[in-house]
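Visitor: Below is one structure. I have some questions about it.
If you want it as C-alpha coordinates, here you go:
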(Lines of atoms letter the chains of each structure in order from A and count residues from 1; the text may use other names and numbers.)
(Lines give C-alpha, C1' and ligand atoms only; values in the text may rest on other atoms or scores of the structure.)
Protein backbone atom coordinates (compact mmCIF):
# COMPACT_ATOMS: atom_id res chain seq x y z
CA UNK A 1 0.00 0.00 0.00
CA UNK A 2 1.31 3.43 -0.93
CA UNK A 3 2.02 5.87 1.93
CA UNK A 4 3.11 9.51 2.04
CA UNK A 5 4.59 10.90 5.26
CA UNK A 6 3.99 14.54 6.20
CA UNK A 7 6.51 15.15 8.98
CA UNK A 8 5.41 18.77 9.52
CA UNK A 9 1.85 17.79 10.46
CA UNK A 10 2.74 14.32 11.86
CA UNK A 11 0.40 12.56 9.42
CA UNK A 12 1.05 9.52 7.30
CA UNK A 13 -1.20 9.39 4.24
CA UNK A 14 -2.31 5.86 3.31
CA UNK A 15 -3.64 5.14 -0.16
CA UNK A 16 -7.04 3.62 0.66
CA UNK A 17 -8.73 3.23 -2.72
CA UNK A 18 -9.47 4.88 -6.04
CA UNK A 19 -12.15 7.57 -6.38
CA UNK A 20 -14.34 5.22 -8.45
CA UNK A 21 -14.32 2.61 -5.66
CA UNK A 22 -16.59 4.76 -3.47
CA UNK A 23 -20.10 5.48 -4.81
CA UNK A 24 -21.20 9.08 -5.20
CA UNK A 25 -23.12 10.21 -2.09
CA UNK A 26 -22.23 6.94 -0.42
CA UNK A 27 -19.56 5.13 1.51
CA UNK A 28 -17.13 2.25 1.48
CA UNK A 29 -14.64 0.68 3.83
CA UNK A 30 -10.87 0.19 3.76
CA UNK A 31 -8.62 -1.76 6.12
CA UNK A 32 -5.67 0.51 6.98
CA UNK A 33 -3.02 -0.18 9.63
CA UNK A 34 -5.24 -2.70 11.40
CA UNK A 35 -8.34 -0.45 11.43
CA UNK A 36 -11.55 -0.47 9.45
CA UNK A 37 -12.00 3.06 8.09
CA UNK A 38 -15.29 4.25 6.59
CA UNK A 39 -14.77 6.54 3.59
CA UNK A 40 -17.53 8.79 2.26
CA UNK A 41 -17.81 10.56 -1.10
CA UNK A 42 -20.31 13.32 -0.32
CA UNK A 43 -20.49 14.40 -3.96
CA UNK A 44 -23.50 16.70 -3.45
CA UNK A 45 -21.20 18.84 -1.30
CA UNK A 46 -18.01 18.10 -3.23
CA UNK A 47 -16.40 16.73 -0.03
CA UNK A 48 -14.76 13.54 1.22
CA UNK A 49 -14.80 12.25 4.81
CA UNK A 50 -13.34 9.33 6.76
CA UNK A 51 -14.38 7.94 10.15
CA UNK A 52 -14.13 4.79 12.21
CA UNK A 53 -16.27 2.08 10.67
CA UNK A 54 -17.27 0.76 14.09
CA UNK A 55 -20.42 2.18 15.64
CA UNK A 56 -19.80 2.82 19.35
CA UNK A 57 -23.41 2.02 20.26
CA UNK A 58 -23.51 -1.68 19.32
CA UNK A 59 -19.85 -2.16 18.29
CA UNK A 60 -20.88 -3.18 14.76
CA UNK A 61 -18.62 -2.51 11.76
CA UNK A 62 -21.33 -0.79 9.75
CA UNK A 63 -20.88 2.99 9.58
CA UNK A 64 -19.64 2.82 5.96
CA UNK A 65 -23.05 1.41 4.95
CA UNK A 66 -24.95 4.27 6.56
CA UNK A 67 -26.90 6.97 4.75
CA UNK A 68 -25.22 10.36 4.49
CA UNK A 69 -26.98 13.71 4.58
CA UNK A 70 -26.95 17.04 6.37
CA UNK A 71 -28.39 18.40 9.59
CA UNK A 72 -28.45 22.10 8.85
CA UNK A 73 -24.95 22.71 7.51
CA UNK A 74 -23.48 19.70 9.37
CA UNK A 75 -22.63 16.68 7.16
CA UNK A 76 -23.67 13.47 8.89
CA UNK A 77 -23.91 9.70 8.60
CA UNK A 78 -26.59 7.52 10.18
CA UNK A 79 -25.73 4.05 11.47
CA UNK A 80 -27.77 1.64 9.33
CA UNK A 81 -28.81 -0.45 12.35
CA UNK A 82 -30.10 1.98 14.96
CA UNK A 83 -30.02 5.37 13.18
CA UNK A 84 -27.70 7.18 15.58
CA UNK A 85 -26.26 10.03 13.50
CA UNK A 86 -22.66 11.22 13.64
CA UNK A 87 -21.02 14.40 12.36
CA UNK A 88 -18.67 13.57 9.50
CA UNK A 89 -16.53 16.57 10.52
CA UNK A 90 -16.15 16.01 14.27
CA UNK A 91 -17.43 12.47 14.91
CA UNK A 92 -19.81 13.68 17.64
CA UNK A 93 -23.12 11.83 17.85
CA UNK A 94 -25.80 14.36 16.92
CA UNK A 95 -28.63 12.66 18.79
CA UNK A 96 -26.83 11.27 21.87
CA UNK A 97 -23.92 13.08 23.58
CA UNK A 98 -22.68 9.79 25.02
CA UNK A 99 -21.23 8.55 21.70
CA UNK A 100 -18.64 9.72 19.17
CA UNK A 101 -16.47 8.23 16.44
CA UNK A 102 -12.98 9.15 15.31
CA UNK A 103 -12.60 11.16 12.12
CA UNK A 104 -9.59 11.22 9.82
CA UNK A 105 -8.32 13.67 7.20
CA UNK A 106 -8.86 12.75 3.54
CA UNK A 107 -6.76 13.76 0.55
CA UNK A 108 -7.79 13.05 -3.05
CA UNK A 109 -4.90 13.20 -5.49
CA UNK A 110 -4.62 11.82 -9.03
CA UNK A 111 -7.82 9.74 -8.72
CA UNK A 112 -6.57 8.14 -5.48
CA UNK A 113 -8.09 8.55 -2.03
CA UNK A 114 -5.65 8.86 0.87
CA UNK A 115 -6.49 8.69 4.57
CA UNK A 116 -4.30 10.43 7.13
CA UNK A 117 -3.43 8.50 10.28
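In our numbering, the protein residues as written are 452 to 568.
Every residue, glycine too, gets a C-beta built ideally from N, C-alpha and C.
1) Report buried or exposed for residue 560, applying the criterion of at least 16 other Cβ atoms within 10 angstroms of its Cβ.
2) Mind checking residue 469: buried by the 16 CB within 10 Å criterion, or exposed?
3) Do residue 490 and residue 566 count as a contact pair if the criterion is CB distance below 9 Å?
4) Please report the distance separating the alpha-carbon of residue 505 from that of residue 473.
5) When the distance is taken between beta carbons, is residue 529 closer than 9 Å to residue 518?
6) Does residue 542 come within less than 9 Å of chain C when only Cβ atoms are used?
Guide: So, to answer that:
1) exposed
2) exposed
3) yes
4) 18 Å
5) yes
6) Note that chain C does not occur in the displayed structure, where there is just one protein chain.
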